[in-house]
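Protein chains: 2
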Amino acid sequence: MTRPTPSEMHPSRWGDPARATALPDSARGLVELAFGPRPWHERPALDDAPLPPSGLADALLAPLRATLGDEHVRTDDDTRRLRTRGKSTPDLLRARAGDLADAPDAVVRPGSHDEVAAVLAWAVEHHVAVVPFGGGTSVTGGLVARREGFAGLVSLDLVRLKRLISVDRVSMTAVLEPGLRGPEAEALLGAEGLTLGHFPQSFEYATIGGFAATRSSGQSSAGYGRFDALVVGLRVATPRGEWRLGSAPANAAGPDLRQLVLGSEGAFGVITEVTVRVRRRPAVTTYEGWRWPSFDAGADAMRTLAQAGLLPTVIRLSDESETAINLARPDAIGPSGQAEPGCLMITGHEGEPDAVEAGRLAATAVLEGLGGTPLGTEPGEAWVHGRFDAPYLRDSMLDVGVLVETMETATWWSNRARLYTEVKAALTASLGEGALVLCHISHVYETGCSLYFTVAAQAAGDESATLDQWLAAKAAASDAMTDAGATITHHHAVGTDHRPWLTREIGELGGSVLRAVKADLDPTGVLNPGIMVPVA
Amino acid sequence: MTRPTPSEMHPSRWGDPARATALPDSARGLVELAFGPRPWHERPALDDAPLPPSGLADALLAPLRATLGDEHVRTDDDTRRLRTRGKSTPDLLRARAGDLADAPDAVVRPGSHDEVAAVLAWAVEHHVAVVPFGGGTSVTGGLVARREGFAGLVSLDLVRLKRLISVDRVSMTAVLEPGLRGPEAEALLGAEGLTLGHFPQSFEYATIGGFAATRSSGQSSAGYGRFDALVVGLRVATPRGEWRLGSAPANAAGPDLRQLVLGSEGAFGVITEVTVRVRRRPAVTTYEGWRWPSFDAGADAMRTLAQAGLLPTVIRLSDESETAINLARPDAIGPSGQAEPGCLMITGHEGEPDAVEAGRLAATAVLEGLGGTPLGTEPGEAWVHGRFDAPYLRDSMLDVGVLVETMETATWWSNRARLYTEVKAALTASLGEGALVLCHISHVYETGCSLYFTVAAQAAGDESATLDQWLAAKAAASDAMTDAGATITHHHAVGTDHRPWLTREIGELGGSVLRAVKADLDPTGVLNPGIMVPVA
Chain A
1 MTRPTPSEMH PSRWGDPARA TALPDSARGL VELAFGPRPW HERPALDDAP LPPSGLADAL
61 LAPLRATLGD EHVRTDDDTR RLRTRGKSTP DLLRARAGDL ADAPDAVVRP GSHDEVAAVL
121 AWAVEHHVAV VPFGGGTSVT GGLVARREGF AGLVSLDLVR LKRLISVDRV SMTAVLEPGL
181 RGPEAEALLG AEGLTLGHFP QSFEYATIGG FAATRSSGQS SAGYGRFDAL VVGLRVATPR
241 GEWRLGSAPA NAAGPDLRQL VLGSEGAFGV ITEVTVRVRR RPAVTTYEGW RWPSFDAGAD
301 AMRTLAQAGL LPTVIRLSDE SETAINLARP DAIGPSGQAE PGCLMITGHE GEPDAVEAGR
361 LAATAVLEGL GGTPLGTEPG EAWVHGRFDA PYLRDSMLDV GVLVETMETA TWWSNRARLY
421 TEVKAALTAS LGEGALVLCH ISHVYETGCS LYFTVAAQAA GDESATLDQW LAAKAAASDA
481 MTDAGATITH HHAVGTDHRP WLTREIGELG GSVLRAVKAD LDPTGVLNPG IMVPVA
Chain B
1001 MTRPTPSEMH PSRWGDPARA TALPDSARGL VELAFGPRPW HERPALDDAP LPPSGLADAL
1061 LAPLRATLGD EHVRTDDDTR RLRTRGKSTP DLLRARAGDL ADAPDAVVRP GSHDEVAAVL
1121 AWAVEHHVAV VPFGGGTSVT GGLVARREGF AGLVSLDLVR LKRLISVDRV SMTAVLEPGL
1181 RGPEAEALLG AEGLTLGHFP QSFEYATIGG FAATRSSGQS SAGYGRFDAL VVGLRVATPR
1241 GEWRLGSAPA NAAGPDLRQL VLGSEGAFGV ITEVTVRVRR RPAVTTYEGW RWPSFDAGAD
1301 AMRTLAQAGL LPTVIRLSDE SETAINLARP DAIGPSGQAE PGCLMITGHE GEPDAVEAGR
1361 LAATAVLEGL GGTPLGTEPG EAWVHGRFDA PYLRDSMLDV GVLVETMETA TWWSNRARLY
1421 TEVKAALTAS LGEGALVLCH ISHVYETGCS LYFTVAAQAA GDESATLDQW LAAKAAASDA
1481 MTDAGATITH HHAVGTDHRP WLTREIGELG GSVLRAVKAD LDPTGVLNPG IMVPVA
């Protein structure tokens, strides 16, 4: 069989197999300390369990082959395997157990907006479910659509829509196609001296279309803005035809319907072009570390910066537990050996030299005034160096029987401490006292912030038992989040995993409105069935 | 009869009668120069033409009286007159002609969310159209709902919902009721040392609910943000029940449904609480004037500031024509007598002393470097002093037979010059070479800006002829805006006047989605029928 190329991920692991490693020594010690002796073994081979046969007959696919070309309508096992589910721990556990039941019946690769529209028309005609596929990085079951009631399910792979269509240097906007992965978009813009400034942890695999469809937020969003703030225009293929939005930076022409497409997770249409605000590539980037006596003290400092309009480009704060095991430096996870307890904060300033220096000085004055201890540039550079590596580490931990997963939320500043305490308590109660529950704040606003939890626990047993273990913990934490009035997700989207909690957040009427919009744009319901839109 | 109190406006004129004046001498000269001798007369008396009788029988109103109390269900002429239409020039011309056919059948004044809900339930039961009424300042026909097909039409006056419900000083948010007018909200927040920072020209009359329902943008929005950026939470009464939104500053929990309520103009529900981001009241405010050799040069300077992240709190630029007649200073309109031609820019910096000084110095360096001539603080202070007075001037001009109206749009920076030229040409072609067509930029973004046009023309004749004259000019300009790909409105909302152009901006699918949402939340269509939502 063909091994996955670096741009396609195997359903059982994150990323490029060439970059996957066994657990580093630094982490081994920590893991044994926390969870006892491990069965240390080499990284297991990728599991190429057989797939269920494609349920779509050749005759049904024939018109699609005629439109897209034979090579872009694939039903072979290798292609289907690489489009099976996303990258949540449940997704990985199921694949590790050899369960590839969610494999699409076919993978179709349209090469233009019009071909996307043709796929949708075909899907409506034959009542085939369509799952838009970008980087395959969903961690909320966003690629596990319902297939019951449909003639089959196709993965609509946007891999051929990879153009930088145009750049408007006066308005500082660019039109990008949805299949561009983060690094590809940055390379194309970089050749023009520009950047999008959007760097979520999934950056190396996730795509422009996915960023838009899930309202992604990146590690530099304090400086560059969330992805929904970067988008100024959209082109969407829907079962009812083409939809273009974006007449001006802002307007008062009724509700801002761009914000209805952003976050629609492929359930309302397939985004085929995204017009984004761009910035000049920063001339200077400076990252620094700060130590705070407590999570509360560091969080208050973040709030002060946000409310004073002095936010750096990047700002993150690990709680005491996360700091203690060096999670901010995936290459050096393990006991930090720090003499002093406390919390690590990373700040990053990017831009023109004068502005960076002015911003850094202003932020430094505030942070020192509030009791932060500057740690110099080394911790910041270490974080930058390792910031896309955490998903590899999760695989290595699973290999040695340690369940690792993340979940995140956001709330108002006045509710932060309560939310932190209650979610942590819920996770600990569900996973047991032996579990590690770590947290950081990675996105801050004038009125509130995100909380990003990482848990590590002795796996309950085989993949099935471990899956049950995690689902129970996830449910407990999700209940705690919504009980505290916080959001079920700050930047991981709804998918299937968060859908049961969405109505608690947006109300029965919110669910009703989403169903009404879906019914209007996708009357036969072929687009990503079961994703995002709450059931009645 | 009772004369309008300062908080209620007569349908034929703007504002407080005690502040209305005849045209100042400075403007007289200009008007005679432009349009010839005028019939100079005193300000005419308010026209108290009789209203059509209320079409709602007492029996129908009885349950409402039982719920709200007799004094809050009014059918007297004076109360109905003061809730008749808004403040567009067509609204004023119709009232001046004695046409008050759009008067509501009754004015109802609920005192709480639950009472608003009760009014909606009553309206659904009896199929009565409901027009939410805040300050009555709409300039796009937002208060002229369709009554055909309904048993009657009530104005749902939010005047009793005027509380500052709570302040969260940690999160820097406040919960406001929708009936608070701009100055009332600022006074309540000011007592806490806080400000909303939202100052549209309608500030003295417009309300919190109206700001939210129309996605208002104020004169300080460069610094404080548009109103839709200030809103973090909403409570809405709909015919299907209560809807609360706002779990966090930002999230990825599906589309941001707050943005569907913001801009819904009372067609989806009645906003009963608005949670807004607040700021500390600025310790320092500094306004300055700058002269630019041309509108293009000044606009390029604005773009440079916006793209460098150096925007002041306020930034405005008048074109050559507007500068020449001093429109930026309503108390001194007339030939400016300026020796040099050029364009006036106003900049304003607000905040803590150090930040203001740093921002002012950085902006000054950019503006001087680009060829701007500093004019000191006097022009800026003059603008601040007169900034809410322009609507009074429009009445005085109408009194002497000069049609004055405004309209506004927004576009990307690269499209600015084209949009300016084409809208100006369309207005001039429609109104004749003798018309004054003036323009300023009052809202700027990294990717584009607004254009705000003011026209003055010899009125075509009586109110009916003048109305036809204006409607033709408005249509020509609206066509030019949408032909140029710009928005039909940057901050005046859709109402009835912009509705015919909305589909050109948001597409047939956009219109369809708005109808689907309306049908879902307001199944019998009683809420503001004919407003905003495009016809199929």
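Taken in sequence, the protein lines are chains A and B.
Under this note's numbering, the first residue of the first sequence carries the number 1, and numbering increases by one thereafter.
Under this note's numbering, the first residue of the second sequence carries the number 1001, and numbering increases by one thereafter.
Positions of the beta carbon are idealized from the N, C-alpha and C atoms, including for glycine.
The structure presented is a predicted model; accordingly, all values stated were derived computationally and were not measured.
Worksheet item: With 16 other CB atoms within 10 Å as the buried threshold, where does R1013(B) fall?
Response: buried
Worksheet entry | Top-ranked residue by Cα proximity to A27(A), from L188(A), N326(A), L153(A) and H385(A) | N326(A)
Item to complete: For M1009(B), write down the residues that DSSP places opposite it in a beta bridge.
Response: According to DSSP, M1009(B) bridges with nothing at all.
Discussion item. From the DSSP secondary-structure annotation, give me the bridge partner or partners of E242(A).
Written reply: A237(A)
Item to complete: Identify, in the order they occur along the chain, each residue of the same chain with its Cβ nearer than 8 Å to the Cβ of V154(A), setting aside the five sequence neighbours on each side.
Response: L56, P104, D105, A106, V107, V108, V119, A123, V128, A129, V130 and V131
Worksheet item: Hey, which unbroken runs of the alpha helix (DSSP H) at 4 residues or more fall wholly within the segment 1263–1318 of chain B?
Response: 1295–1307
Practice prompt. Closer than 8 Å, Cβ to Cβ, to anything on chain A: give me those residues from the segment 1195–1222 of chain B, in chain order.
Written response: T1214, R1215, S1216 and S1217
Worksheet item: Taking the alpha carbon of A1297(B) as the point to measure from, which residue in E1368(B), G1086(B) and A1486(B) has its own alpha carbon closest?
Response: E1368(B)
Item to complete: Kindly say whether R240(A), judged by its beta-carbon, lies nearer than 8 Å to any beta-carbon of chain B.
Response: yes
Worksheet item: V1167(B): buried (16+ other C-beta within 10 angstroms of its C-beta) or exposed?
Response: buried
Discussion item. Could you pull the DSSP bridge partners for F1133(B) from this structure?
Written reply: D1157(B)
Worksheet item: According to a CB-to-CB cut-off of less than 7 Å, which residues of the segment 167–193 of chain A neighbour chain B?
Response: D168, V170, S171, M172 and T173
Discussion item. Which same chain residues end up closer than 8 Å to F268(A) when comparing Cβ atoms and leaving out the 5 residues on each side of it in sequence?
Written reply: V236, T238, L260, V261, V517, K518, L521, D522 and L527
Practice prompt. Taking A379(A) as part of the beta strand (DSSP E), name the residues at either end of that continuous run.
Written response: In the sequence under discussion, the amino acid at residue 379(A) is Pro, which differs from the Ala named in the question. It is not in any beta strand (DSSP E) - P379(A) instead sits in the alpha helix (DSSP H) that spans E378 to G386.
Worksheet item: Within 8 Å (strictly less), CB to CB, does V494(A) reach chain B?
Response: yes
Worksheet item: If you run the structure through DSSP and keep just helix, strand and coil, what is A429(A)?
Response: helix
Practice prompt. For R19(A), count neighbouring Cβ atoms within 10 angstroms of its own Cβ and tell me buried if that reaches 16, exposed if not.
Written response: exposed
Discussion item. Counting only Cβ pairs nearer than 7 Å, list the residues of chain A close to Q1259(B).
Written reply: P255, D256 and Q259
Fill in: Residue range of the beta strand (DSSP E) that includes V108(A)
A106 to V108
Discussion item. Counting only beta-carbon separations shorter than 8 Å, does T1286(B) have a partner in chain A?
Written reply: no
Practice prompt. Please state whether DSSP places A1457(B) in a helix, a strand or coil.
Written response: strand
Item to complete: List the residues of chain B whose Cβ lies closer than 7 Å to the Cβ of E446(A), in chain order.
Response: M1172 and R1277
Practice prompt. Provide the residue span of the alpha helix (DSSP H) that contains S221(A), from first to last.
Written response: S221 to Y224
Discussion item. At the 8 Å Cβ level, is W1413(B) part of the contact set with chain A, yes or no?
Written reply: yes
Worksheet entry | Test: Q1307(B) CB closer than 8 Å to a CB of chain A | yes
Fill in: Residue of Y287(A), T406(A) and K87(A) minimising C-alpha distance to G348(A)
Y287(A)
Practice prompt. Taking only the alpha-carbon atoms, compute the straight-line gap between L514(A) and V437(A) and give it to the nearest angstrom.
Written response: 34 Å
Item to complete: For E408(A), write down the residues that DSSP places opposite it in a beta bridge.
Response: Y452(A)
Worksheet entry | Every unbroken beta strand (DSSP E) within the segment 160–222 of chain A, with a cutoff of 3 residues, ordered by chain | 164–168 and 173–176
Item to complete: State the CB to CB distance for the pair A201(A) and A486(A), rounded to an integer number of angstroms; the pair is presumed to be in contact (CB under 8 Å).
Response: The sequence given here has Gln at residue 201(A), not Ala. Actually they do not touch by this definition, with Cβ atoms about 21 Å apart.
Worksheet entry | is_contact[P523(A), chain B] using C-beta, thresh 8 Å | no
Practice prompt. Starting from the beta carbon of I1488(B), find every residue of chain A whose beta carbon is closer than 7 Å, and list them in chain order.
Written response: A253
Worksheet item: Who are I441(A)'s beta bridge partners in DSSP?
Response: L317(A)
Discussion item. Distance cutoff 8 Å, beta carbons only. Does T1002(B) sit that close to anything in chain A?
Written reply: Low local confidence applies: a pLDDT of 47 at T1002(B) is under 50, so the model's placement there is unreliable, with the coordinate-based value given in what follows. Judged by the 8 Å Cβ criterion, T1002(B) is not in contact with chain A.
Fill in: Pick from W501(A), C343(A) and R258(A) that is closest to P1255(B), judged by C-alpha positions
R258(A)
Fill in: E352(A) - DSSP class collapsed to helix/strand/coil
coil
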